[in-house]
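Worksheet for the structure shown next.
Residue numbers (my numbering): 33 to 165.
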């Protein structure tokens, strides 16, 4: 009875994995394409306007865009390849296995830092106190 129960649980897990494979693949591709296009458009706007050279908030947003693009290309692309196509680079390349998660984590922490620095800079610039400005 116990082995029959384990077999049915294993079968249910396999069915759930195959049921969620295609929706996660479609959603992953949608997020990847939309995110890469959005970040590239942000980069083009910042380069054309050129106000990041004089304004610290714009510089923080510009760096934030580059970091988000790196997160998308390293984190989401490898997840799509692993989930949808069973191509797992972490099994093939040991260095990539150890550095991918660290690279993605460091970039995501840097994006949060850029958002915080942008908020602090906006607060300081808009402060009614002359001493803070």
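No residue lacks a Cβ here, since even glycine has one placed at the ideal position from N, Cα and C.
### Message
Please classify residue 94 as buried or exposed, where buried requires at least 16 neighbouring CB atoms within 10 angstroms.
### Response
Taking the chain shown and counting its residues from 1, one reaches residue 94 at position 62. Using a 10 angstroms sphere on the CB of residue 94, the tally of other CB atoms reaches 16 or more, which defines it as buried.
#### Entry: Local conformation of residue 120 per DSSP, three classes
Counting from 1 along the chain shown, the entry for residue 120 is found at position 88. Per DSSP, reduced to three states, the secondary structure at residue 120 is coil, with no helix or strand assignment.
#### Entry: Alpha-carbon spacing of residue 146 relative to residue 59, whole angstroms
Sequence index remark: in the chain shown, residue 146 carries index 114 (1-based). Sequence index remark: in the chain shown, residue 59 carries index 27 (1-based). If you take the alpha carbons of residue 146 and residue 59, they lie about 27 Å apart.
### Query
Which residues in the same chain as residue 154 place their Cβ atom closer than 8 Å to its Cβ, once the five residues preceding and following it in sequence are excluded?
Position 122 of the chain shown, counting from 1, holds the residue named residue 154. Leaving aside the five residues that flank residue 154 on each side, the residues in its chain whose CB is nearer than 8 Å to its CB run, in chain order, 89.
### Message
Between which residues of its own chain and residue 75 is the CB-CB distance below 6 Å, once the five residues before and five after are set aside?
### Response
On the chain shown, position 43 is the one that residue 75 refers to. For residue 75, same chain residues with a beta-carbon under 6 Å away, outside a window of 5 residues either side, are 97 in chain order.
### Alpha-carbon to alpha-carbon, residue 45 and residue 33
On the chain shown, residue 33 is found 1 positions in, with the first residue counted as 1. On the chain shown, residue 45 is found 13 positions in, with the first residue counted as 1. Caution applies to residue 33, whose pLDDT of 48 falls short of 50 and renders its modelled position unreliable; the value that the coordinates give is listed next. Answer to the nearest angstrom: the Cα atoms are 19 Å apart.
### Query
If we count Cβ pairs, one from each stretch, closer than 8 Å, do we get three or more for the segment 64-74 versus the segment 106-119?
Because the criterion of three Cβ pairs below 8 Å is met, the segment 64-74 and the segment 106-119 touch.
### Message
At the level of alpha carbons, what is the spacing between residue 164 and residue 121?
### Response
For the purposes of this step, residue 164 is identified with residue 132 of the chain shown, where counting begins at 1. For the purposes of this step, residue 121 is identified with residue 89 of the chain shown, where counting begins at 1. Approximately 50 Å between the Cα atoms of the pair.
### Query
What first and last residue would you give for the alpha helix (DSSP H) that runs through residue 129?
Position 97 of the chain shown, counting from 1, holds the residue named residue 129. Start and end: 126-157.
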